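One structure is given here, and the rest of the page talks about it.
In my numbering, the protein residues as written are 4 to 276.
Right under this line is the structure:
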């Protein structure tokens, strides 16, 4: 019979913080549903069910917007890998389990809403998108060399860069329903960043030197949003050219997060400011 994992000292130290942050997160939520942001009246069957297959002429959004949305969607599709690393790093019990489950559900909602919108409105080629999804999920996501604190630091950076990516994308969208959907995702990402950022803030008071080292390691290796999607290198470059997200925005994300933690004066972190 499988044995339940035993919480270590850091998990136990952070348990009250997770409980407090989870309560704040739930109490301050503004619940939304994917189906509210999908114009289903625009939908029609594809050829398999007697309708029409996708054609490039059906796309109405600017290419920079559809490129950004596909990057975001494929990243969200790899959620299983991030969830797995969370479970391996921490514990799927008590408040930790509740938070990991909550975060996973909210991130999955983003993928559901984005794919439904894009397929119903025919703004992307659904077959090509599915091919990339399978390729990327099979490639997977691994971070088994991260310490527990590094995992939390990475997630704070990760959520912040996705919030900035989505906020910059939102500014380039004119279609009101899609703009509202991306705005919802922005707010979720900002709330996720706040959660992880506050856990790291507590770690700075508990194991300061280890946390500073973790921040430096994760800052040095952080990639742009979607940088690990092999099939989308051209789309990634397009994001930088369009000012949605590239190396410049990545540097600012890292600098802003380090400043928010109040550790900008640390010698090992000054290179990131």
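Using N, Cα and C, we set each Cβ at its ideal position, and we do this for glycine too.
Bear in mind the structure is a predicted one, so any value in this text is a computation, not a measurement.
Three-state secondary structure assigned by DSSP to residue 282 = Coverage of the chain is limited to positions 4 through 276, which leaves residue 282 absent and any answer about it impossible.
Per-residue DSSP class, three states only, for residue 35 | Here the question's residue 35 lines up with position 32 in the chain shown. Three-state result, residue 35: coil.
Residue 11 in three-state terms, based on DSSP = Numbered from its first residue, the chain shown carries residue 11 at position 8. Here residue 11 sits in coil by DSSP.
Give me the Cβ distance between residue 54 and residue 47, rounded to the nearest whole Å; I'm assuming they're in contact under 8 Å.
-> Numbered from its first residue, the chain shown carries residue 54 at position 51. Numbered from its first residue, the chain shown carries residue 47 at position 44. About 5 Å separates the two Cβ atoms, so the contact holds.
Buried or exposed: which applies to residue 85, given that a residue is buried once 16 or more other Cβ atoms fall within 10 Å of its Cβ?
-> Mapped onto the chain shown, residue 85 falls at position 82. By the 10 Å Cβ count, residue 85 comes out buried.
Could you check which residue in 32, 99, 191, 117 has the C-alpha nearest to that of residue 22?
-> Sequence index remark: in the chain shown, residue 22 carries index 19 (1-based). Ranking 32, 99, 191, 117 by Cα distance to residue 22 puts 99 first.
Near residue 133, which residues of its chain fall below 6 Å by C-beta distance, leaving aside the five closest residues on each side in sequence?
-> Residue numbering aside, residue 133 sits at position 130 when the chain shown is read from its first letter. Cβ within range, chain order: n/a, list empty.
Give the DSSP-derived three-state secondary structure of residue 104 in the structure shown.
-> The residue labelled residue 104 in the question sits at position 101 within the chain shown. Residue 104 falls in the helix class under three-state DSSP.
With 16 other Cβ atoms within 10 Å as the buried cut-off, status of residue 15 = Against the chain shown, residue 15 aligns to sequence position 12. With fewer than 16 Cβ atoms within 10 Å of its Cβ, residue 15 is classed as exposed.
Do you know how far the Cα of residue 114 is from the Cα of residue 139?
-> Residue numbering aside, residue 139 sits at position 136 when the chain shown is read from its first letter. Residue numbering aside, residue 114 sits at position 111 when the chain shown is read from its first letter. Taking the straight line from one Cα to the other gives about 14 Å.
Can you tell me whether residue 167 is buried or exposed, with buried defined as 16 or more other CB within 10 angstroms of its CB?
-> Your numbering for residue 167 matches position 164 in the chain shown. Buried.
To the nearest angstrom, report how far apart residue 142 and residue 135 are at their CA atoms.
-> Taking the chain shown and counting its residues from 1, the one referred to as residue 142 is at position 139. Taking the chain shown and counting its residues from 1, the one referred to as residue 135 is at position 132. When rounded, the distance between both Cα atoms is 10 Å.
Where the alpha helix (DSSP H) through residue 260 begins and ends = Indexing the chain shown from 1 puts residue 260 at position 257. Taken as a continuous stretch (DSSP letters only), the alpha helix (DSSP H) holding residue 260 covers 250-263.
Would you tell me roughly how many angstroms separate the C-alpha atoms of residue 89 and residue 127, rounded to the nearest one?
-> Looking up residue 89 in the chain shown gives position 86. Looking up residue 127 in the chain shown gives position 124. Residue 89 and residue 127: Cα-Cα distance of roughly 31 Å.
Alpha carbon to alpha carbon, what distance is there between residue 37 and residue 123?
-> Walking along the chain shown from the start, residue 123 turns up at place 120. Walking along the chain shown from the start, residue 37 turns up at place 34. The straight-line gap from Cα to Cα measures roughly 13 Å.
Go through its chain and collect everything with a Cβ distance to residue 180's Cβ below 7 Å, but skip five positions before and after it.
-> On the chain shown, residue 180 is found 177 positions in, with the first residue counted as 1. Answer for residue 180: 40, 42, listed in chain order.
Helix or strand or just coil, what does DSSP make of residue 298?
-> Any answer about residue 298 is impossible in this case: the structure gives the chain only from 4 up to 276.
Assign residue 57 to one of three DSSP states: helix, strand, or coil.
-> The count along the chain shown starts at 1 and reaches residue 57 at position 54. Residue 57 falls in the coil class under three-state DSSP.
Nearest-angstrom Cβ-Cβ length linking residue 153 and residue 220, presumed shorter than 8 Å | Position 150 of the chain shown, counted from the first residue, corresponds to residue 153. Position 217 of the chain shown, counted from the first residue, corresponds to residue 220. With a Cβ gap of about 6 Å, residue 153 and residue 220 count as contacting.
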